[in-house]
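To keep things clear, I will list the structure first and then write my remarks on it.
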Amino acid sequence: MTDVTSTELDLTTATAPLVKSKRRGRAGSARIRFGFVVITVYVVAAIFGPWLVRYNPVDTRTADRLRPPFSRLSDGSYAIFGTDQVGQDLFAQMLQGARISIAVGLATLVLAGTIGVTIGLSAGYFGGWLDGVLMRLADIQLAFPSILLAIFIAALLGPSVVNVVIVLAVSNWVTFARVARGQALATRRREFVDASRTLGAGTWRLISRSVLPACVAPVLVVATVEIGHVILAEASLSFLGLGTPASTPSWGVTIANGRNYLADAWWISTIPGIALAFLVVSLGVLGDALRDRYDPRLRSL
Amino acid sequence: MTALMRVRELRVEFDTSGGVVTAVDGASFEVAAGETVALLGESGSGKSVTAQAVMGIVPKPAGRIAGGSITYDGRDLLTPGAAKGLRGREIAMVFQDPLSSLNPVFRVGAQIGEMFRRHRGASRREARAAALELMKRVGIPAASKRLDDYPHQFSGGMRQRVMIAMALALSPRLLIADEPTTALDVTVQAQIMDLLARLQAEEGMSLVLITHDLGVVADVADRVVLMYAGRVVETGPIREVYEHSGHPYTAGLMGSVPVLDGARDRLTPIQGSPPDLLSLPTGCSFHPRCHYADPLCTTDQPNLRPLPTPPPQHQAACHHPEGVLNHAP
Amino acid sequence: MPPNPTPTAPSAPVSSISSLIPPAESAGAAPLLSVRDLQTSFPLRSALLRRVVGEIQAVAGVSFDIPAGGTLGLVGESGSGKSTVARTIIGLEKARSGSIVFEGEELTSLPKASMRRVRRQLQMIFQDPYASLNPRATVEQIISEAWEIHPDVVPRNRHRAEVRDLLERVGLNPDHAKRYPHQFSGGQRQRIGIARALALRPKLVICDEAVSALDVSVQAQVLNLLADLRRDLGLAYLFIAHDLSVVRHISDQVAVMYLGRVVETATQDELFQRPLHPYTQALLSAVPDPKPWTKPEREPIIIGGDVPSPADPPSCCRFRTRCWKAEDICAEQEPVLETRLDRHPTACHFATDLAGATR
Numbered sequence: 000m001t002d003v004t005s006t007e008l009d010l011t012t013a014t015a016p017l018v019k020s021k022r023r024g025r026a027g028s029a030r031i032r033f034g035f036v037v038i039t040v041y042v043v044a045a046i047f048g049p050w051l052v053r054y055n056p057v058d059t060r061t062a063d064r065l066r067p068p069f070s071r072l073s074d075g076s077y078a079i080f081g082t083d084q085v086g087q088d089l090f091a092q093m094l095q096g097a098r099i100s101i102a103v104g105l106a107t108l109v110l111a112g113t114i115g116v117t118i119g120l121s122a123g124y125f126g127g128w129l130d131g132v133l134m135r136l137a138d139i140q141l142a143f144p145s146i147l148l149a150i151f152i153a154a155l156l157g158p159s160v161v162n163v164v165i166v167l168a169v170s171n172w173v174t175f176a177r178v179a180r181g182q183a184l185a186t187r188r189r190e191f192v193d194a195s196r197t198l199g200a201g202t203w204r205l206i207s208r209s210v211l212p213a214c215v216a217p218v219l220v221v222a223t224v225e226i227g228h229v230i231l232a233e234a235s236l237s238f239l240g241l242g243t244p245a246s247t248p249s250w251g252v253t254i255a256n257g258r259n260y261l262a263d264a265w266w267i268s269t270i271p272g273i274a275l276a277f278l279v280v281s282l283g284v285l286g287d288a289l290r291d292r293y294d295p296r297l298r299s300l
Numbered sequence: 000m001t002a003l004m005r006v007r008e009l010r011v012e013f014d015t016s017g018g019v020v021t022a023v024d025g026a027s028f029e030v031a032a033g034e035t036v037a038l039l040g041e042s043g044s045g046k047s048v049t050a051q052a053v054m055g056i057v058p059k060p061a062g063r064i065a066g067g068s069i070t071y072d073g074r075d076l077l078t079p080g081a082a083k084g085l086r087g088r089e090i091a092m093v094f095q096d097p098l099s100s101l102n103p104v105f106r107v108g109a110q111i112g113e114m115f116r117r118h119r120g121a122s123r124r125e126a127r128a129a130a131l132e133l134m135k136r137v138g139i140p141a142a143s144k145r146l147d148d149y150p151h152q153f154s155g156g157m158r159q160r161v162m163i164a165m166a167l168a169l170s171p172r173l174l175i176a177d178e179p180t181t182a183l184d185v186t187v188q189a190q191i192m193d194l195l196a197r198l199q200a201e202e203g204m205s206l207v208l209i210t211h212d213l214g215v216v217a218d219v220a221d222r223v224v225l226m227y228a229g230r231v232v233e234t235g236p237i238r239e240v241y242e243h244s245g246h247p248y249t250a251g252l253m254g255s256v257p258v259l260d261g262a263r264d265r266l267t268p269i270q271g272s273p274p275d276l277l278s279l280p281t282g283c284s285f286h287p288r289c290h291y292a293d294p295l296c297t298t299d300q301p302n303l304r305p306l307p308t309p310p311p312q313h314q315a316a317c318h319h320p321e322g323v324l325n326h327a328p
Numbered sequence: 000m001p002p003n004p005t006p007t008a009p010s011a012p013v014s015s016i017s018s019l020i021p022p023a024e025s026a027g028a029a030p031l032l033s034v035r036d037l038q039t040s041f042p043l044r045s046a047l048l049r050r051v052v053g054e055i056q057a058v059a060g061v062s063f064d065i066p067a068g069g070t071l072g073l074v075g076e077s078g079s080g081k082s083t084v085a086r087t088i089i090g091l092e093k094a095r096s097g098s099i100v101f102e103g104e105e106l107t108s109l110p111k112a113s114m115r116r117v118r119r120q121l122q123m124i125f126q127d128p129y130a131s132l133n134p135r136a137t138v139e140q141i142i143s144e145a146w147e148i149h150p151d152v153v154p155r156n157r158h159r160a161e162v163r164d165l166l167e168r169v170g171l172n173p174d175h176a177k178r179y180p181h182q183f184s185g186g187q188r189q190r191i192g193i194a195r196a197l198a199l200r201p202k203l204v205i206c207d208e209a210v211s212a213l214d215v216s217v218q219a220q221v222l223n224l225l226a227d228l229r230r231d232l233g234l235a236y237l238f239i240a241h242d243l244s245v246v247r248h249i250s251d252q253v254a255v256m257y258l259g260r261v262v263e264t265a266t267q268d269e270l271f272q273r274p275l276h277p278y279t280q281a282l283l284s285a286v287p288d289p290k291p292w293t294k295p296e297r298e299p300i301i302i303g304g305d306v307p308s309p310a311d312p313p314s315c316c317r318f319r320t321r322c323w324k325a326e327d328i329c330a331e332q333e334p335v336l337e338t339r340l341d342r343h344p345t346a347c348h349f350a351t352d353l354a355g356a357t358r
């Protein structure tokens, strides 16, 4: 019978929520800072790295193949991460791979986010049979294994970066749809939306001015959590040969290439693997912290 | 008249992102045995936080009791250990929202009976019989059938009766009711107030009614403790306080209430907005909204003191009570 | 706070308030709003499959008129349907049957485009000053939204000036137009809501529990503001509240609702001094009085039980399950809302005038 929430009302409503956000904020800000720093390093490396350290996919130098990290190559340069089975500098290859991983991740999110938010908003705002149909579609999508879908699309269209984005977007829109639908359901009956309605606002105006803005924060939080999953999924698909083609050195391709040399040249698979794991974990930490701070209700997702 | 509970210079603070909020700022009052006291105030006045402090349920870790004392029957309620066995047994509380105060997954009869089983070591059968007895006493119709219902099957008014039954289970000597009728319809509110007054008379217990509604308590309360911005601004016998208000805030509240049989005059509200607890005015917190304020009020915080008019129990924390008293209609 | 330099003749009540029922023809001018036998219901869905298993008749045949510049108070407890009446009139819910005539136009059959035009004249103030303002919009955006939807009311280059005027009129600092709702107190937020409702220069404003969420001292300020606006702008109000003291304070005419029906209606003075329906009598008796000692001692009428569920209302007289006067006829024959005891319309077979001779 210790019910605190109901008696809290006596404090001005403005202060009570602040108490909570302050506590969360203090706990989460270290995690948020950590996540941002790591991700900034990756993004900067992906954008500027390939300009500084040139990578040429057809430039093979058998003399320098399978050199361990920090060895000196025949042209006098150092390979800090070593070289692969065809003598390519692994560091340059990974910078190029970061570009692809992050680009695929972002493109997937934009595509999945657009599809998901559109479907979710329509389902939540209009409700009724439309909601039923769209959400059953989402259930089917969730039940359908994305690997199978990837094999199907790769078989149909051939492996390419664009096709990876399509596969990943198709298997990730559901999360966005659920979040957007939840926000739409919660917002469409709010009094301030009713107020706009009584002013004579039409459906489009209500959605774009009232419902959509309410989705922005939770969708961004979900996107942060999801981008880690997407980057990992891209690497997995590429590893299996269903993702980016072998000529495009995404991390998954590089890891797959090193698989046969694990005994002699551990670094080919291990270093990209660590880089990938560190990025995905950092994104997860950041996403969790942002979610805790801005929208704890999303915890179940 | 000996005090059953005595609150002295109570201070409760909350950490917020905007800084430390002093929700209760040196509040003092007492409750005599068998007396009904109305703890009145608007939102942000600190009345509910005061009750939380008494019950030991100030939300942690944001909130803390920063000073003062609460004694019950000579025992210090704020020392851990000393209060053990008092709260819940001798001091019970009823909340505003009975639905969130009842456990939704247990039957109502079992929840009431649990009080007897836990505190009195009653058997299952005895507890059930005692629960039934209590449900009849608080006026739940067909009580024997409703014992096995869940809280959501009760209406708001009936749920509040269940809460009252639970609070009364161990025959407390002090019952604190925090806005017990605020969530209820007016006809049901009348029933619950009637019930509380009847039970108070039967049990001879002390009753503290926390509310923002001046009218609800007028029939039942003996004394009023009126709070504003964490401080007690006026206290005394209810009729004295309402009829001959000694604090401009009290007078302002009385002028703000539309009365049912009054002429349709303009109301005379208090000007301005309720205080921001994060940046309280200096001196008397009420001075920015007060007609009688002078430079003294902006610098010196007034303390509760007896008014120039009898009785001595009627006290107000105002530098200029004469003006308020003379101005009152 | 609300500036009122001339407190002369406080909000002079409109001279001729036509008797609510029978309708218009008695008085000369047609009423501003005329509601006839309005019914609104919601589908009742099963918990498991969300199938429609029945319906809740939230409003079960309600009629009233509001003259231009007049104020009708609509009182009732939870489940009485008073808010649904408001939401149906303003178009947030669909009427199942009945008619709503506003300025001579039948709203229930009005095409969407025409409804937009009528909406300007018909605005609403909501209950919750926190939920009714978009937290992501500034005060200026909130108020000027109305003019974006109806661009011909105020041209875009006049928005800022008009917002300032409106803020001033509702007693807010016009320099605060760029602030967000959370920077205001509850009472100030409600003033913003009032300013929004006034933006389209309506003739009728529906106040749905517009002061219920406010503290007493602030509530009085807002009530005074509403009275000032009525006087200055000639507004009519449909004032919905559960607090009878507040309703009496602001209304010319009062209708009491119980479970979707009007049980009694009269002028404010008449209803509060000579209630005929037992429910009205109990309701009035239950209103807390801040100075009970100034009244002659009288036995309070405390009715038992709660309001029955609107999903399963009692047959015929809906109040009979809680009524101390109920007899067999109350379950057999629906009491009609008609003038009884030569006083005013009430829907009770056993209407009694407590102020009259009978005990």
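Residue numbers (numbering that gives the first Met the number 0), protein chains in the order written: chain Y, 0 to 300; chain D, 0 to 328; chain C, 0 to 358. Think of the CB as a built atom: it goes at the ideal place given N, C-alpha and C, for glycine as much as any other residue.
Please work out which residues of its chain come closer than 6 Å, Cβ to Cβ, to residue i, disregarding the five sequence neighbours upstream and downstream, and give them in chain order.
i, result
"D:R116", "A126"
"Y:G123", "R180, A183 and L184"
"Y:D63", "L72, S73, T82 and G86"
CB-CB under 7 Å to residue i, same chain, minus the five flanking residues each way: which ones, in chain order?
i, result
"C:A350", "L275, H276, R339 and L340"
"C:R178", "T137 and V138"
"D:D75", "S68 and A81"
"C:V246", "G72, V74, F238, A240 and V253"
Here's the rule I'm using: 16 or more other beta-carbon atoms within 10 Å means buried, otherwise exposed. How should residue i be labelled?
i, result
"D:Q312", "exposed"
"D:V107", "buried"
"C:P21", "Interpretation of C:P21 is limited by its pLDDT of 42, a score under 50 that renders its predicted location unreliable; the figure taken from the coordinates is listed afterwards. It is exposed - the Cβ of C:P21 has fewer than 16 other Cβ atoms within 10 Å."
"C:N156", "exposed"
"C:F125", "buried"
"D:V161", "buried"
"C:I205", "buried"
"Y:N171", "buried"
Report the neighbours of residue i on chain D: residues whose CB is nearer than 9 Å to its CB, in chain order.
i, result
"C:Q187", "S272"
Using a Cβ cut-off of 9 Å, pull out every chain Y residue sitting near residue i, in sequence order please.
i, result
"C:I148", "S195, L198, G199, A200, G201 and R204"
Ignore the nearest five residues each way along the sequence and tell me which others in residue i's own chain have a CB closer than 8 Å to its CB.
i, result
"D:R158", "P97, L98, L101 and P150"
"D:R88", "H118, L169 and P171"
"C:P134", "Y179, P180 and H181"
In chain C, what lies closer than 7 Å to residue i by C-beta?
i, result
"D:D212", "P287"
"Y:P212", "R135"
"Y:R189", "A130"
"Y:S246", "Neighbours of Y:S246 on chain C: none; closest Cβ ~47 Å, over 7 Å."
"Y:S209", "N133"
"D:M226", "None at all; the shortest Cβ gap to chain C is about 13 Å."
"D:I269", "S216"
What is the C-beta distance between residue i and residue j, in whole angstroms, given that I count them as a contact (C-beta under 8 Å)?
i, j, result
"D:M4", "D:E34", "With a Cβ gap of about 10 Å, D:M4 and D:E34 do not count as contacting."
"Y:G112", "Y:V218", "6 Å"
"D:P257", "C:H248", "4 Å"
Please list the partners that residue i has in chain Y, where partner means a Cβ-to-Cβ separation under 8 Å.
i, result
"C:F238", "Correct list: empty, because the minimum Cβ distance to chain Y is about 16 Å."
"C:D127", "E190"
"C:I413", "In the structure displayed, chain C extends from 0 to 358; residue 413 of chain C sits before or after that span and is not available."
Nearest chain E C-beta to residue i closer than 8 Å, yes or no?
i, result
"D:Q190", "In summary, chain E is missing from the structure at hand, where the protein chains are Y, D and C."
Of all the beta strand (DSSP E) runs that stay within the bounds of the stretch 273-319 of chain C, which reach a length of 3 or more residues?
-> none
Continuous alpha helix (DSSP H) assignments of at least 4 residues falling wholly in the stretch 122-194 of chain D = 123-136, 142-145 and 155-167
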